[in-house]
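Counted the way the working numbering counts, the sequence shown spans residues 720 to 928.
Below: one structure, written as structure tokens.
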Amino acid sequence: MKAHTGLVSAAFLFLSCQQSFAHGTMEYPINRTYQCYHEGPESPKSDACIAAKAVGGPSPMYNWSAISQNAGGNDLAFVADGQLCSGGNSHYAGFDLAREDWVKTQINTSGPLTLSYYASAPHSTKRWSVYITKDSYKLNQPLRWSDLDKFCELGKVALDGSKRYNLDCTIPQGYDGDRIIYTVWERDDSAETFYSCSDVRISGLGGSS
């Protein structure tokens with residue numbers, strides 16, 4: 720019984736340490752990994768999250784906020800095509816699965832959109848780059864850099880009182896339908912850069928579907 724208790728304590732400590740060294744992810748629209756974490760890492764509900772767990776187990780979902788590389792502004796050199804949602808980190812490979820059934824955030828807007836990035840461990844910010852998939856991209860294809868259009872670029876953004884960075888952006892006209900919003904957060908105090916895939920369904924912009 721004591722040995723079992725020790726194992727449980729060790730597992731709890733491991734997960735706690737992982738979370739304490741984690742940094743953040745997109746909360747609205749929600750990142751894939753964070754969505755699966757909220758579904759329950761041991762028993763996720765959606766088919767896409769179940770498939771992601773089959774690839775990498777529950778650990779990436781527990782450690783949802785550490786999808787990063789020491790890219791220092793050279794994203795393409797560190798994150799290869801087909802590995803954008805994992806940030807080029809094989810630990811998160813299950814979130815690169817090209818599927819049409821990732822849970823999507825519904826966005827109804829014809830004007831500015833405020834994205835909310837939850838910083839579990841805040842850092843000084845150098846750059847925010849926010850992209851959206853082009854009309855030509857199909858959700859059942861691996862995501863490549865050439866599939867993205869950048870629609871928002873920001874520098875330093877102040878952290879609010881609830882550990883959120885609120886990014887004021889505007890999605891251009893013509894980007895209706897099912898898309899991926901891809902966010903890059905580069906720290907100012909190191910080369911560490913974070914990557915985030917958010918699946919969305921956009922209506923009300925007057926574009927194609």
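Even glycine gets a Cβ: it sits at the ideal position worked out from N, Cα and C.
Straight-line gap, residue i to residue j (C-alpha atoms, nearest Å)
{"i": "E911", "j": "E746", "result": "20 Å"}
{"i": "Y856", "j": "R863", "result": "9 Å"}
{"i": "I921", "j": "D854", "result": "13 Å"}
{"i": "N789", "j": "S765", "result": "32 Å"}
{"i": "K772", "j": "G813", "result": "7 Å"}
{"i": "Y850", "j": "L803", "result": "12 Å"}
Helix, strand or coil at residue i [DSSP, three-state]
{"i": "Y756", "result": "helix"}
{"i": "Y837", "result": "strand"}
{"i": "L873", "result": "strand"}
{"i": "C804", "result": "coil"}
{"i": "L862", "result": "coil"}
{"i": "D854", "result": "coil"}
{"i": "P891", "result": "coil"}
{"i": "G775", "result": "helix"}
Close Cβ partners of residue i (< 6 Å) along its chain, the five nearest in sequence each way excluded
{"i": "P861", "result": "G801, A817"}
{"i": "S915", "result": "T744, M745, N750, T902"}
{"i": "A770", "result": "L816"}
{"i": "S843", "result": "D907, D908"}
Exposure label - residue i; buried when at least 16 CB within 10 Å
{"i": "L795", "result": "exposed"}
{"i": "A877", "result": "exposed"}
{"i": "T889", "result": "exposed"}
Cutoff 7 Å; reference residue i; Cβ partners in own chain excluding five residues on either side
{"i": "T852", "result": "D866, L867, R898, I899"}
Min CB distance residue i to chain D below 8 Å
{"i": "W904", "result": "Protein chains in the displayed structure number just one, and chain D is not present."}
Sequence-distant residues of its chain with Cβ nearer than 8 Å to residue i (five each side left out)
{"i": "Y756", "result": "M780, Y781, W783"}
Span of the beta strand (DSSP E), counted from its first residue to its last, around residue i
{"i": "S784", "result": "That residue, S784, is in no beta strand (DSSP E); it is neither H nor E in DSSP."}
{"i": "I921", "result": "912 to 922"}
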